[in-house]
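Numbering (my numbering), first residue to last: 1001 to 1155. Ideal placement from N, C-alpha and C gives every residue a C-beta, glycine not left out. None of these values were measured; they are calculated from a predicted model. For reference, the structure is listed below as structure tokens.
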């Protein structure tokens, strides 16, 4: 099986206490997720607790947005959030995803990592597509938006 990992990191000019809640609560993702604008009519469903372990988010959208769900499976404030990310469309996949928050100077170094395996039809897809190139730019855009959202929390 071919495995992959996509990681991006950014220094966000805000303390972890201002950044962490934006990741630990899926309702806050509309403020910074790089995929929020892909489908203006995206159908979102939230369940479980509002934040932290057990919080769930499901989406169903157009071809670009696809469909899937996420669940926070680990949360240690303000250090890390672990997510079970499952895509159901266009290709079924489970991608463990983590965010870490490390104080650096007057800000926070946020690292976003997604791992996975190419299986089934995704294995063929993986022969031609580099996941780091395909998703890395979205992670960079998301981290920049996360920084802007954290700055607006402080204001």
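CB of residue i within 7 angstroms of CB of residue j, strictly
i, j, result
"residue 1059", "residue 1044", "yes"
"residue 1111", "residue 1005", "no"
"residue 1113", "residue 1003", "no"
"residue 1055", "residue 1083", "no"
Sequence-distant residues of the same chain with beta carbon closer than 6 angstroms to residue i, five excluded per side
i, result
"residue 1061", "1039 and 1042"
"residue 1102", "1109"
"residue 1149", "1022, 1031 and 1032"
Endpoints, the beta strand (DSSP E) within which residue i is located
i, result
"residue 1056", "1056-1060"
"residue 1021", "Careful: residue 1021 lies outside any beta strand (DSSP E), inside the alpha helix (DSSP H) at 1016-1024."
"residue 1095", "1093-1104"
"residue 1044", "1043-1047"
Buried/exposed call for residue i, threshold 16 Cβ in 10 Å
i, result
"residue 1024", "buried"
"residue 1134", "exposed"
"residue 1124", "Low confidence applies to residue 1124: its pLDDT is 49, below 50, so where it sits in the model is not reliable, and the reading given next is rough at best. Flag for residue 1124 reads exposed."
Own chain partners of residue i with C-beta closer than 8 angstroms, once the 5 adjacent residues on each side are dropped
i, result
"residue 1105", "1011"
Cutoff 7 angstroms; reference residue i; Cβ partners in own chain excluding five residues on either side
i, result
"residue 1088", "1067 and 1068"
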